[in-house]
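Below you'll find the structure, written out as structure tokens, and then a few comments.
Residue numbers (this note's numbering): 71 to 279.
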């Protein structure tokens with residue numbers, strides 16, 4: 071069964087409390103989303119494989135650690151997932167970035183695909199799928215299914231706020247994909263929004279509401 075790892079770091083919790091506030095403006099909200107993503111990424115990459123390499127310091131030769139293999143791809147689910155990318159790239163500037171476009175049908179709450187563009191070698195990389203909100207879980211489940219169809223095997227999922235219903239659906243459909251979650255909230259309301267949540271993350275990141 072996939073692990074659902076909820077962050078307990080004080081900085082993450084403090085920043086999540088800030089973005090939950092309805093009076094937090096677009097600029098601060100966007101900045102905090104990026105910072106939270108960076109902090110979660112730090113925790114989510116703790117177990118990445120490394121290998122020994124020989125280097126030369128100003129004083130002598132030495133053995134250092136280096137990430138092993140093709141390294142990392144970051145795949146945001148459009149559009150809100152874009153808000154998490156820059157913070158992660160600050161930590162891992164060599165990562166490649168793919169994009170998956172899904173929207174949730176307002177009637178059925180099911181995901182509908184409209185875009186997918188991935189790095190050519192994505193199947194060889196550690197892939198981090200990112201979306202600020204894991205609500206019903208439909209979009210995340212579909213995005214990961216699309217990645218697996220394209221040969222990706224080492225997949226992780228990162229979000230800032232999750233509902234228990236979304237976590238359960240992910241674990242049911244993708245028991246091999248670990249989840250790294252900023253905060254686990256109480257439930258979904260009748261409209262599929264996370265409660266207490268923070269509203270529509272995409273609208274708040276891009277100032278479209």
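All residues carry an ideal CB built from backbone N, CA and C; glycine is no exception.
Find the nearest neighbour of residue i within the set the options, judged by alpha-carbon distance.
i: residue 134; options: 142, 183, 124; result: 124
i: residue 314; options: 84, 178, 115, 185; result: As shown, the chain starts at 71 and ends at 279. That puts residue 314 outside it, with no answer to give.
i: residue 258; options: 204, 78, 83, 143; result: 204
i: residue 187; options: 202, 220, 155, 178; result: 220
i: residue 279; options: 92, 208, 152; result: 92
i: residue 122; options: 137, 108, 113, 109; result: 137
i: residue 198; options: 270, 84, 118; result: 118
Excluding the five sequence neighbours on either side, which residues of its own chain have a C-beta within less than 6 Å of the C-beta of residue i, listed in chain order?
i: residue 256; result: 265
i: residue 272; result: 149, 150
i: residue 184; result: 171
Would a C-beta distance cut-off of 8 Å place residue i and residue j closer than the cut-off?
i: residue 111; j: residue 228; result: yes
i: residue 96; j: residue 88; result: no
i: residue 214; j: residue 225; result: yes
i: residue 103; j: residue 251; result: no
i: residue 223; j: residue 191; result: no
i: residue 249; j: residue 72; result: yes
i: residue 181; j: residue 153; result: no
i: residue 74; j: residue 200; result: no
i: residue 268; j: residue 90; result: yes
i: residue 77; j: residue 113; result: yes
Return the CA-CA distance between residue i and residue j, expressed in angstroms with no decimal places.
i: residue 206; j: residue 132; result: 49 Å
i: residue 245; j: residue 127; result: 43 Å
i: residue 301; j: residue 86; result: This structure leaves residue 301 out entirely; the chain is present only between 71 and 279.
i: residue 247; j: residue 171; result: 20 Å
i: residue 193; j: residue 217; result: 8 Å
i: residue 277; j: residue 101; result: 13 Å
i: residue 157; j: residue 169; result: 16 Å
i: residue 234; j: residue 195; result: 29 Å
Quick one: residues in its chain with C-beta nearer than 7 Å to the C-beta of residue i, no 5 flanking neighbours on either side, listed in chain order?
i: residue 211; result: 239, 240, 243, 244
i: residue 109; result: 79, 81, 82
i: residue 270; result: 279
With a threshold of 8 Å on Cβ separation, who are the neighbours of residue i within its own chain once the five nearest residues in sequence on each side are excluded?
i: residue 167; result: 143, 144, 145, 146, 155, 159, 189
Tell me whether residue i, by its Cβ, gets closer than 7 Å to a heavy atom of the ligand FAD.
i: residue 224; result: With respect to the ligand FAD, the structure offers nothing, as it holds no ligand at all.
Between which two residues does the beta strand (DSSP E) holding residue i run?
i: residue 261; result: Where residue 261 is concerned, there is no enclosing beta strand (DSSP E), given that its DSSP letter is neither H nor E.
i: residue 226; result: 224-232
i: residue 169; result: 169-174
i: residue 253; result: 248-254
i: residue 122; result: 120-126
Could you spell out the range, first to last residue, of the alpha helix (DSSP H) harbouring residue i?
i: residue 160; result: 152-161
i: residue 102; result: 96-114
i: residue 217; result: 208-219
i: residue 271; result: 271-276
i: residue 137; result: Run containing residue 137: none in the alpha helix (DSSP H); it sits in the beta strand (DSSP E), 131-137.
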